[in-house]
Amino acid sequence: MSSVTIAKPSRQQLEWQDMEVGLFIHFNIETYAPEWENPQSFENLPDPDIFNPVKLNTDQWMQAAKAIGAKYAVLTTKHSAGFCLWPTGQYEYSVKSSKWRNGKGDVVAEFVDSCRRHGIKPGFYCSYWTNAFMKVREGRVASGKREEQERYNRVFLGMLREICSNYGELVELWFDGGIPEWGPDIGPILRELQPNAMVFQGGKYSTIRWIGNEEGVAPYPFWNTVPKNQFPLFTEGLISNAWTDGIGEVYLPSECDTTIREHYWFWRPNTENTIKTLDKLMAIYYKSVGRGCNLLLNSNPDRDGLIPEADMKRYLEFGQEVKRRFSKSIAEGEYYNKDPTRIATVELIFEKPVKFDTFVTMEDLRNGQRIREYVIEAYLDGSYLEVVRGSSIGHKKIDEINPITTDRVRIRILKAFTTPVEIRSFSVYCCS
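Here this note's numbering runs 276 ahead of the position in the sequence shown, where the first position is 1.
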């Protein structure tokens, strides 16, 4: 397959993939009026005065982010109702029309300040797809009038310019539902103000993509490349990652988003019993990060502006368990041989037999995702025996086996799109 052209990632895409885990923060007027998360009509819009997070503490949000090992956080600056968490100049439906802090507050500014203090990179969710205040569903104004559609597009671009210019560098911009081809051209603003930000469902400007479900689970095998002629289908979430075969001209890594409460994005009363179990979260981690994708785990601050203690406890348990399993490897190796005629192999030899049950392999992706098939073998009873066989590796692949004890183990790359193949790391752990 050496004739295949391999799409190469940008520096920003590689840096984003290295972060691996982010915290999603669903907090907006829908926290107080959850029926507006997916509005069925445009009548009786929530009064801005119901938005009153009297104990708002965005530093506490960052404690949750750090607890799960997140390196970035994404806040819903504007969701379906159209209410803005910053004092937008585009219309009045925002924090400036609420009684919270006498209309002088700015949740977005406090969020970003907390991110900077705690070493978390900030990102913004700002949906074009739905805006109940402006009577917009699926990106189209209810009246169908061209002048109103054009006005909505101008308003959205004005909002985008505000959040991209007033809060410093952003790591990610989330356009839930996508930016359709007939929608506003967001490219000039992104290039001018946030050239390094990852763009999720941003139409032709997308640099990352949705995995295709809200369970936090990536399919396997997972490929970072997509065909150019199907690019809009991936960026708008119309088809899932499972459709790609690894051959494509566009490098487009995936993000797996999922809730902490089953299945609520915004806080709702009396739903503590729906918090995902630790076992469930670990399974999601293995099927997202462990399949080469980023995990964006949700949080839902309550009406006081605080993440509930029950959720905080589970975040801490989750982060501690990930650290317990993966903070220290038994052994680690790498492979950077440039000889294209050689099969890439990493062999780990221990001074004495050791027990382990997990392998973590990372492909060096700077020249694109190349590995097509691999095998992991353990030295048992005087010869190497296969214990794992897989296809894609990508940013990271976690393989679990029943515990074994041996003094040597190796990974061999059997097939690749092209050569040479480079293994960033091959590590062995005992997680049980």
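Built from N, CA and C at the ideal position, the CB exists for glycine as well.
| said: According to DSSP, is E698 part of a helix, a strand, or is it coil? | reply: coil
| field | Limits of the unbroken beta strand (DSSP E) element including L641 | value | Premise fails: L641 is in no beta strand (DSSP E) and is neither H nor E.
| Quick one, are the C-beta atoms of L466 and P398 less than 7 Å apart? | no
| said: Please state the DSSP three-state secondary structure of F303. | reply: Coil.
| The beta strand (DSSP E) enclosing M474, as first and last residue numbers | In the DSSP annotation of this structure, the continuous segment of the beta strand (DSSP E) that includes M474 starts and ends at 474 to 476.
| Does DSSP put G298 in a helix, a strand or coil? | strand
| Whose C-alpha, out of L436, W458, I396, is nearest the C-alpha of G415? | W458
| message | Beta-carbon within less than 6 Å of E623's beta-carbon, same chain only, minus the 5 sequence neighbours each way: which residues are those? | response | R686
| request: Count the other C-beta atoms from every protein chain shown that fall within 10 angstroms of the C-beta of R646, then say buried if there are 16 or more, exposed otherwise. | output: buried
| Segments assigned beta strand (DSSP E), at least 3 residues, entirely inside the segment 289 to 359 | Counting whole runs of 3 or more residues, the segment 289 to 359 contains the beta strand (DSSP E) stretches 297 to 301, 348 to 354.
| query | What is the C-beta distance between Y591 and A340, in whole angstroms, given that I count them as a contact (C-beta under 8 Å)? | reply | 5 Å
| said: How far does the beta strand (DSSP E) with R686 in it extend, from its first residue to its last? | reply: 673 to 692
| task | Inspect the CB distances between the segment 636 to 651 and the segment 690 to 706 and report whether three or more fall short of 8 Å. | result | yes
| For the candidate residues F542, C391, F318, whose alpha-carbon lies nearest to that of F303? | Of the listed residues, the one whose Cα sits closest to F303 is F542.
| task | Check the C-beta distance from P262 over to W337 and give it rounded, since I have them as a contact under 8 Å. | result | Residue 262 cannot be examined here, being either before or after the span of the chain that is shown, 277 to 708.
| With distances taken between CB atoms, is the gap from F327 to S390 smaller than 7 Å? | No, the pair does not count as a contact, with Cβ atoms beyond the cut-off.
| Got a sec, what are the start and stop residues for the beta strand (DSSP E) L656 sits in? | 647 to 656
| Are the beta-carbon atoms belonging to V417 and E424 less than 7 Å from one another? | yes
| field | Endpoints, the alpha helix (DSSP H) within which D389 is located | value | Where D389 is concerned, the enclosing alpha helix (DSSP H) stretches over 383 to 394.
| request: Determine the direct distance from the alpha carbon of E653 to that of E608, and round the result to whole angstroms. | output: 15 Å
| request: Measure the C-alpha to C-alpha separation of G581 and T535 and round it to an integer number of angstroms. | output: 18 Å
| Since K723 contacts Y527 with CB under 8 Å, what's their CB separation in whole angstroms? | The question about residue 723 has no answer here: the residues shown for the chain are numbered 277 through 708.
| Can you tell me where the alpha helix (DSSP H) with K430 in it begins and where it stops? | The sequence shown places Arg at residue 430, rather than the Lys named in the question. It spans 422 to 441 - the alpha helix (DSSP H) in which R430 sits, taken as one unbroken run.
| query | When the Cα of F400 is compared with those of P456, Y428, M474, which residue comes out closest? | reply | M474
| request: Excluding the 5 residues preceding and the 5 following T352 in the sequence, name in chain order all residues of the same chain whose CB lies nearer than 7 Å to its CB. | output: By the criterion of a C-beta distance shorter than 7 Å, T352 is surrounded in its chain by I301, H302, F303, N304, Y401, once the five residues flanking it on both sides are discounted.
| Considering only residues of the same chain and omitting the five flanking positions on each side of G444, which have a CB-CB separation below 7 Å? | V388
| query | Between which two residues does the beta strand (DSSP E) harbouring L573 extend? | reply | 570 to 575
| Straight-line CA distance for N517 to R537? | Here the model assigns N517 a pLDDT of 49, short of 50, so the residue's position is not dependable, and the following value carries that caveat. Taking the straight line joining both Cα atoms gives about 25 Å.
| said: Please report the distance separating the alpha-carbon of Q366 from that of K604. | reply: 50 Å
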